[in-house]
Every structure is written in C-alpha cells, then in structure tokens.
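Only one structure is covered here, and it is reproduced in the block below.
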Amino acid sequence: MLKPAYAFFLAFFLHALFFQGTAGAALRGEFVSTWQIKNFSFAEFKDKRLTVKGLLDPEITIPTPNLNAADYYVMEMSAKTTNPMGLMRVMWKAGGRTRFYPIAQLPLSGDGEFNTYSIDLRARYPGIKLWNGEISTVSVTFSGFGDTVEIEDLAIKKPVGIAEKAITAWRNFFWPEAITPLSINSVSPPFLFAFSYVFILNIIAVTAALAALAAHLWKKRKKDSLPVEPRTGNDASRHEKRVSAIFIVLLLLWAAYDLRYTYDQAISTNAVYESYVRTKDERRRFSNMDDFYDFAEFARAQLKGEDKIFYFHGPAGRNFFAHMKYLLYPLKPVTFEKPGATKVHAVYKNPNVTFDNGMLYVDGNPVAKGKETARYDDYSFIFREENL
Amino acid sequence: MFLDAALMFVALLLPSVTGFAIIAATDKKGLIRGLERAALSFGIGAGCLSFYIFLLGVVGITYSFAALLPYFAAGFFIIAALMKKQFLPFGTPASALGGRRGSGGQEGLKALFTGRAETSPEKTNSVEKILGVIFLALIAVKLFLPLLNVFIWPPYFDDAVTTWDFKAKVIFTASGLGASGSEEFLGGGLLNYPLGTPLFKAWMGIFAGTWNASLVHLYDFAIFASMAAVFYAFLRRHASFAIAAAFTYVLASIPLMSFHAHGGYADMAAGYYLLTSVLLLARWFQTGENSFLYLTAITSAAMTFTKNEGLVLYAPAIVLTFLFLIAKAGAPLRGKIKRIAVPCAVFLALAGPWLAVKALYGLSVGGGKLGIHGEAFTELAAVFFWEEGAFNILWVGAILILSANIRLFKDMTFLSHFVPFALTFLATLAVFVFTSNYEWLYLRTTINRSFLIISPLLVFSLGIFTGLTFSKEKFKKSKRGE
Numbered sequence: 468m469l470k471p472a473y474a475f476f477l478a479f480f481l482h483a484l485f486f487q488g489t490a491g492a493a494l495r496g497e498f499v500s501t502w503q504i505k506n507f508s509f510a511e512f513k514d515k516r517l518t519v520k521g522l523l524d525p526e527i528t529i530p531t532p533n534l535n536a537a538d539y540y541v542m543e544m545s546a547k548t549t550n551p552m553g554l555m556r557v558m559w560k561a562g563g564r565t566r567f568y569p570i571a572q573l574p575l576s577g578d579g580e581f582n583t584y585s586i587d588l589r590a591r592y593p594g595i596k597l598w599n600g601e602i603s604t605v606s607v608t609f610s611g612f613g614d615t616v617e618i619e620d621l622a623i624k625k626p627v628g629i630a631e632k633a634i635t636a637w638r639n640f641f642w643p644e645a646i647t648p649l650s651i652n653s654v655s656p657p658f659l660f661a662f663s664y665v666f667i668l669n670i671i672a673v674t675a676a677l678a679a680l681a682a683h684l685w686k687k688r689k690k691d692s693l694p695v696e697p698r699t700g701n702d703a704s705r706h707e708k709r710v711s712a713i714f715i716v717l718l719l720l721w722a723a724y725d726l727r728y729t730y731d732q733a734i735s736t737n738a739v740y741e742s743y744v745r746t747k748d749e750r751r752r753f754s755n756m757d758d759f760y761d762f763a764e765f766a767r768a769q770l771k772g773e774d775k776i777f778y779f780h781g782p783a784g785r786n787f788f789a790h791m792k793y794l795l796y797p798l799k800p801v802t803f804e805k806p807g808a809t810k811v812h813a814v815y816k817n818p819n820v821t822f823d824n825g826m827l828y829v830d831g832n833p834v835a836k837g838k839e840t841a842r843y844d845d846y847s848f849i850f851r852e853e854n855l
Numbered sequence: 077m078f079l080d081a082a083l084m085f086v087a088l089l090l091p092s093v094t095g096f097a098i099i100a101a102t103d104k105k106g107l108i109r110g111l112e113r114a115a116l117s118f119g120i121g122a123g124c125l126s127f128y129i130f131l132l133g134v135v136g137i138t139y140s141f142a143a144l145l146p147y148f149a150a151g152f153f154i155i156a157a158l159m160k161k162q163f164l165p166f167g168t169p170a171s172a173l174g175g176r177r178g179s180g181g182q183e184g185l186k187a188l189f190t191g192r193a194e195t196s197p198e199k200t201n202s203v204e205k206i207l208g209v210i211f212l213a214l215i216a217v218k219l220f221l222p223l224l225n226v227f228i229w230p231p232y233f234d235d236a237v238t239t240w241d242f243k244a245k246v247i248f249t250a251s252g253l254g255a256s257g258s259e260e261f262l263g264g265g266l267l268n269y270p271l272g273t274p275l276f277k278a279w280m281g282i283f284a285g286t287w288n289a290s291l292v293h294l295y296d297f298a299i300f301a302s303m304a305a306v307f308y309a310f311l312r313r314h315a316s317f318a319i320a321a322a323f324t325y326v327l328a329s330i331p332l333m334s335f336h337a338h339g340g341y342a343d344m345a346a347g348y349y350l351l352t353s354v355l356l357l358a359r360w361f362q363t364g365e366n367s368f369l370y371l372t373a374i375t376s377a378a379m380t381f382t383k384n385e386g387l388v389l390y391a392p393a394i395v396l397t398f399l400f401l402i403a404k405a406g407a408p409l410r411g412k413i414k415r416i417a418v419p420c421a422v423f424l425a426l427a428g429p430w431l432a433v434k435a436l437y438g439l440s441v442g443g444g445k446l447g448i449h450g451e452a453f454t455e456l457a458a459v460f461f462w463e464e465g466a467f468n469i470l471w472v473g474a475i476l477i478l479s480a481n482i483r484l485f486k487d488m489t490f491l492s493h494f495v496p497f498a499l500t501f502l503a504t505l506a507v508f509v510f511t512s513n514y515e516w517l518y519l520r521t522t523i524n525r526s527f528l529i530i531s532p533l534l535v536f537s538l539g540i541f542t543g544l545t546f547s548k549e550k551f552k553k554s555k556r557g558e
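Sequence lines, in order, name chains A and B. Everything in the first sequence is counted per our numbering, starting at 468 for the first residue and increasing by one. Everything in the second sequence is counted per our numbering, starting at 77 for the first residue and increasing by one.
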C-alpha cells in the first residue's frame, strides 16, 4: 500500500480504537446480487469476496436507494490487486445526474495484499456541493484495469466521532493524485475536511495579510494621536518588518503546498517506475492505459513490411487510436467500417471482435475469413484475412 | 538506451554552441555574461535551428546531419572569428583580461568559466546565504523529478501523441516537410500548429539516428532547466541571492510545470520564449543597447514558431510594451530607435517563411466566435482561487505581494516586466471571456496551460517587486532621508 505518512501508525491505532459500525451499502451477499458489473472477463462472489477480472475499465454499480448524502459520505473499500498503477474512480448519481470530480479517484496499491481505501465524497468548492441530497447509485471504476481485483468490503459509511472524522480527513489529504490524461492540463489540489488545500491556504494568506494591515492601521492611528515627530529610519524599519512578515508567511504557505505536491510527485514517479520500468511480471502497465504499450510493441513485431495499413479494433468506449498511430508510425491504423482497406486486423481488449473457426466476427457479424496469426491475450490478437 | 540518451544530450548541446555564437556576435559589449549567456544560448540556438530546418524543408532539401551541419559549423566559425578579432565571445572584454589583439582565445576560454553575470549590489548576510542554499537545493529536487520522468514515462498525453511528438516523428521519418497534399506535409496532423518544437525534436532523432518516444522529451526538460537558469540569472541583477533563489524555487515548483517539464507539450517552451523576450526587452530599456532588441527579435520569432498564441496574443503584447518603453524612455534612447528596422528585419527573416507558408495555405491561427460570456468569471474565480492546484497559491500571493508596496508601480524596472505580463494576462482572459473559447473553461483542458505560459513572467515580476521592496540600498537612502 502507498503509505501516506508516518503519522499513519497513530492514525491506524486510533482507527482501530474508535471506528464505529458500517452503515449504508456494504458488500454482503444480498446486496451483491443487485450490483451491476461491466467490462469484465470474469466475476465471482464467493466467501464474502468479490473477484473481478477486468477487460479494461471494469465498473461496479451499486444501487443505494434512500442514501442520505449528508449522513453517509465515506466510501470505504478493502481490495487486493497486483497492478502497481491501478486507478479507482468513484462516480454517483444524485438527483438523476451523474456526478464526479477529479479527486474522487485514487491510485491503488499493487502489493498483492488487502488494503483499505477510503474516500470522503463530500469534497466541495464554494457554491458547489456534488455529494448532496439523495444518492441513487454509486459506481466504482477500475480505470485501465485488465488485472484481477478482489474486494472484501465495500461500503458507504457514516464516520462517527471526532477521531474517526479526523482519520478520514487525514487519509484523504494524503491520497496521491492519480495520473490521468488530464494531469497535464489541470492539477487537483488535495482536500482537507472537505475543502481544497489551495482554498485553505488562500484563506490563511488573506487572513494574515488582513491582520498585518489591521496592525499597521492600528499603529498608525495610535501614532497619529501623538504629537507630530519627524519621520525616522525606525518607521521605515518597522514597515519593512511588517511587509517581511507577509512575504515570509506567503513563502511558507507556498512551501506547505509544494511539500505535499512533491510527495505526490515522488509517489507517482515511484509508481511509474514499478509498473512500467521494473515490473514484477514483465508486463508494463501505465495509468489508465493498462498494458497497451506492450500490445503496441507486440503489434509492431507481428505486422510485416507490406502491412503498412491495418485495422485497429480498440477497447469499447476508449480511444487508443491516436496512441496507436503515433507509436506505430509509419504503420497506419484505420478504423474498421467495411472490409477492403487492408487484410490485417489488430484487436486489443475488444470482446466485440472475435475469431472463431477461421472467421472474424465484429459485433457478432462475420466480416472476414482468415487466420489468427498471433494472440496477445484472451481478447487481443492479430488476424490476417485470406482470399476465399 | 544509454547511448541514445547520450546522443540526445549532445543534440541539445550542439545548437547551444550556435546560440552562444549568435549572442556573442550580437552582444559585442559583453553585457550578457556567465549563467545568463549559457542559459540563453540553448533557447536561442534551439529556436534558430528550428527556423533553419524549416527553411531547408521549404526548399525541399532532405534532412540529414550533413544538411544540418552548416548551422553548427557557422556557430563554431563565428566563435573562432570573434576570437581572432580579439573580441572575446564569452562576455568579458579582452582588455579587462589583459588580452592582446591576435593573441587567440585563451583568455576568452578562461572567461567562459570565470566571467560572471552582473548581480545586485545588495549585501547578503549569513542567514540569507543559508536560505538561498536551501532554495537552491529545493530547485534541484524540482529539476530532478521531471528529469527522471523523461527516462521512465512512455508518451502519454493527448496533444503530445496527436500533434507535437507525432509531427516530430513524421518529419523525422520522412526526413522533410513532405509535399503539399501528402500525409507528411508539415508533419501531418493539424497543419496550422507551429513547427518550432516538432522540428527540434526531429533534429534530436536525426542526430541520435533513431526515434525514442521518451527521450525526445529531454527537450522539454532542457527548456525547463534553461528557463530556471535564465530566470535566476536575470533576477539576480535586481535582487539579493536569497530572494532570487526563492523566486526561482517558486517558478520551478509551480505544480503544473512539473508535468510540462517532460510531457511533450509546447506551452512551457512558448512561456520560455515569452519570458526571454520580455527580459531582453527590459534590458534594452535599462541599457539602451540595441543588441538586446536584436535578441528580443530572435526570441519573439521563436515564440511565434512555438505556439499560435505567440503570434496573436504575445507578440502584440511585446510590441505594445516596446511602445510603452519608448514613451517612457529619455531622449538618448529614442535617438537609437532609428535602427528599429534591424530587429524588425531579424524577426521577419526568421518567422517570415513560416508566416508566408501559413498565408499561402490558409492555415488558421486559432480563434472563435466573438461574444460576451460574463459567466466565465465565476469559472475563472474557481480556477484562480479554490478549485485548481495547478499554480499553488500564486494568484492570491501575487495580489497580496503587489498590494504590499503600491508605490513601486511607478518604478520602471518593475513596470518594464509587469506591463507585458498584464497585457498577456488580459489578452488570455479576453480569449475566455469574449470568444466562444469560454467553453473550454469548463473542461479545464486549456485554461491552466494558457496561464502556465505567462506564469514565469508573473513570478519574475513578483521577484523584482520583492527585490525592490527589500532593497537595502533603498532602505539606507530612506534612512538618510534621501
């Protein structure tokens, strides 16, 4: 597990001491029967443990009728996976609208042990509160996940007592930000007690500046009430000290954010190293791409010189086309609309494209006769058309 | 991997030699020295190399190391010629080193390592020295993590694989700009995107003899490191060691910068050229030396060749700043402006072919339907103050710092840097408030990157502002009642 801070030892101790009973949705047999699971190749519920092997982005949707957002707001999950860069994303429906915000996602540990993850879903911005009213469903997506995830406990909980609330806040503050395609456009701040860290620091900065201004005005007023004296160097010195104090406070606040962010950077660099460079099983995985980079290399090796153009059937609902085009250039992927453009098909994690008995099927329809020339995994392979 | 990395490092260094020669040939009084010159050399050399490669492509010459060799040979030739003429290209006049006419370049070579950029006369006490060293250590950490990521990350972000890196790979593979109408034309993809960064990355591939999708991002890191060095060296002229180091740390630790330092986008490079253009323009105002105008013309041209915003938003801001500085300048400086045709010619000579290609093929510079979108302000407030962590507390911090000493808004040293920031900031805001681009605000795909480009300018302005606020020289004067 990604251990957020040394203080966690204390946090875990307090957690064990004060944690109260579970409420809301929980992973129990009667509930699992109502859950929906999508994008999986294998799913089983046995011995109070749900095992899901993903295709890509397996998603579990949990009906939560009459769930009051004000009372139940911490999603807690105990899960095990071997993907060092797994990513969990939580979405929900409130008032008929699907809700999500960037911090409701976090990287999972790939240490092969059961770890507990909790997300405070109340995170809000001024004027915006997305976890609100009555929640009808909660979905958990394991983004870019072809691996197996085992879940022992999944519940929406109501933290009770100050200690538990503090632990939840502390844990959430240290969840590292997940690397997503949006990371280069936008950096989500961590949250502390449902408020963004940047907002908290901004408030402290403004408060400190107002305090300095108030002190300045008070001293000026006091001085104005005294008989007029010529301005001396000491006045300038005092003014400089006050201004210095503001600058130092700002710099400290900046460093406070940067310290937390550098921690994020270090964690994500380490995760990339373990999942993409020095992998335990020689499969390179990266963020929500899963092992796509390995597949691209596999496809490049399989495609022959004359196969300059090939059909690329990527996973449903995800667009890997641009990446395929760049990585394999000057080989050129094209989308499959009708046969004739080329004789080669590269299929990556797409259960809608299957090969059976010498025939390629797309959405259940036979589209070409030929042979499978290489297989990558259960749902990824290279197919070459042959003349009838 | 190791050999590729070594070759790509050399591919970054070689253009720096030519950049160094360009600065030496322009700045004959040696006003740009030491770290300033070293850091600027990479940006100027890389920018001019992209123009040179583009020109070769336009006339249909196939890209190869042999075709590119004249560019680097010219750099070495210029340096050798300057040494022979006794003019030392390393920024320290020969006489100061006791050099004699025709005595070769030994003193100059020595000066490369000993010549130091001018620094603020502010005295630094031991506490400030310790603080400065701590900040330098923090800067090293902020530089190290992106450098590591260059080596371990695959190409990932959307615009990198669809545009910036893709174009570079197409140009590298095709060894040219392709024929009009072909899939390889101007690197394929979106044709209206400027080719500055793709051409430089193509050069890295040409020199290494292979395309490495991760290692070409060494270019991003080089820009990041070069920007930090330029920033520190120029700020040190106006601020104490501790203040210059502190604000360089602030620049290097802007959260969004960490992804752009290895992510394969062009925004940070555009920001680098915008920053250097403004710094050089301000130096022209301070010194009256037209050489700074020539270098401004080069970096501005490189800026327009890096992102379309460089042409439509930032170049006008630089021109307006130039006019503002002329208005504020004394008679001696105005007298020198007669030679304004030279920097204009430099700009057109470099950017002209690209602008001509744009005009010829009707390539857009971006835009959107005009309209007033007041609702954008709510979203902008969220971006600035509570929802985004991309800039730490930069916006609130800037407001508070600038409020601390309002009298400094009369100071031309500060204004010569702050005015271009204010203009580019307003221009960027206008794009999101007065055009249909406001829709992008909600997706957050462009707004932070737009501000990332101008953020180095803001941090630099704040650095100067702080340096002037805490100037002990000024304090002494006020104590003396001057």
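C-beta atoms are modelled at their ideal positions from N, C-alpha and C, and glycine is treated no differently. Small disclaimer: the values here were computed from a predicted structure and weren't measured.
Delimiting residues of the alpha helix (DSSP H) encompassing Met-159/B: 141-160
Residues of the region 767-795 of chain A whose Cβ lies closer than 8 Å to any Cβ of chain B, in chain order: Ala-789, His-790, Lys-792, Tyr-793, Leu-794
CB contact check: Tyr-232/B to chain A, cutoff 8 Å: yes
Chain-order list of residues whose beta-carbon lies under 6 Å from that of Ala-493/A (same chain, five-residue window excluded): Ala-622
Per-residue burial, Val-654/A [other beta carbons within 10 Å of its own, 16 or more giving buried]: buried
Complete runs of the alpha helix (DSSP H) confined to the region 487-522 of chain A [at least 4 residues]: 496-499
contact_flag[the region 523-537 of chain A, the region 562-579 of chain A] where n(CB pairs < 8 Å) is 3 or more: no
Sub-8 Å separation of Thr-531/A and Ile-602/A beta-carbons: yes
Closer than 7 Å: Leu-212/B CB and nearest the ligand NAD heavy atom: Absence of the ligand NAD from the depicted structure is noted, as is the absence of any ligand whatsoever, leaving it without description.
Neighbour list for Ile-734/A in chain B, Cβ cutoff strictly below 8 Å: Per Cβ cutoff of 8 Å: no residues; Ile-734/A is ~11 Å from chain B at best.
CB contact below 8 Å: Phe-242/B versus chain A: yes
Collapsed DSSP secondary structure at Gly-837/A in the structure displayed: strand
Ser-650/A classed as buried or exposed, judged by whether at least 16 other C-beta atoms fall within 10 angstroms: buried
Counterpart residues of Lys-560/A in DSSP-defined beta bridges: Thr-565/A, Thr-604/A
Closest residue to Glu-804/A among Phe-714/A, Pro-797/A, Gly-825/A, Asn-832/A (Cα-Cα distance): Asn-832/A
Test: Thr-273/B CB closer than 8 Å to a CB of chain A: no
Spatial distance of Ala-143/B from Ser-256/B (CA atoms): 21 Å
Cα-Cα separation between Asp-614/A and Trp-229/B, rounded to whole angstroms: 21 Å
Contact set for Ala-675/A: own chain, Cβ-Cβ below 7 Å, skip 5 residues either direction: Ile-713, Val-716
C-alpha distance - Ser-663/A paired with Phe-381/B, whole-angstrom precision: 38 Å
Residues bridged to Tyr-778/A [DSSP beta-bridge criterion]: Val-801/A, His-812/A
Within 7 Å of chain A by C-beta, residues of the region 303-330 of chain B in sequence order: Ala-322, Val-326, Ser-329
Test: Ile-651/A CB closer than 8 Å to a CB of chain B: yes
Own chain residues within Cβ distance below 8 Å of Phe-581/A, not counting five before or after: Ser-545, Ala-546, Lys-547, Glu-617, Glu-619
Euclidean distance between Cα positions of Pro-818/A and Leu-522/A: 8 Å
Closest Cα partner of Thr-521/B within the set Leu-795/A, Pro-648/A, Pro-800/A: Pro-648/A
Beta carbon proximity, His-293/B to chain A, threshold 8 Å: no
Ser-376/B - containing alpha helix (DSSP H), residue span: 366-380
Coil, strand or helix - Leu-47/B by DSSP: Outside the shown range of chain B, which is 77 to 558, sits residue 47/B, and nothing can be said about it.
Contacts of Gly-465/B in chain A (Cβ-Cβ under 8 Å): Val-654, Ser-655, Pro-656, Pro-657, Ser-663, Tyr-664, Val-665, Tyr-724, Tyr-728
Bounding residues of the beta strand (DSSP E) (the contiguous stretch that carries Glu-543/A): 541-548
Simplified DSSP assignment, three categories, for Thr-397/B: helix
Nonlocal neighbours in the same chain, by C-beta distance under 6 Å from Tyr-308/B, ignoring five residues either side: Ala-320, Thr-324
Whole-Å CB distance - Thr-500/B paired with Ile-540/B, under 8 Å assumed: The Cβ separation is near 16 Å, so there is no contact.
Val-535/B beta carbon less than 8 Å from that of Leu-267/B: no
Neighbourhood of Leu-827/A by C-beta distance below 6 Å, restricted to the same chain and skipping five residues each side: Val-834, Ala-835, Phe-850
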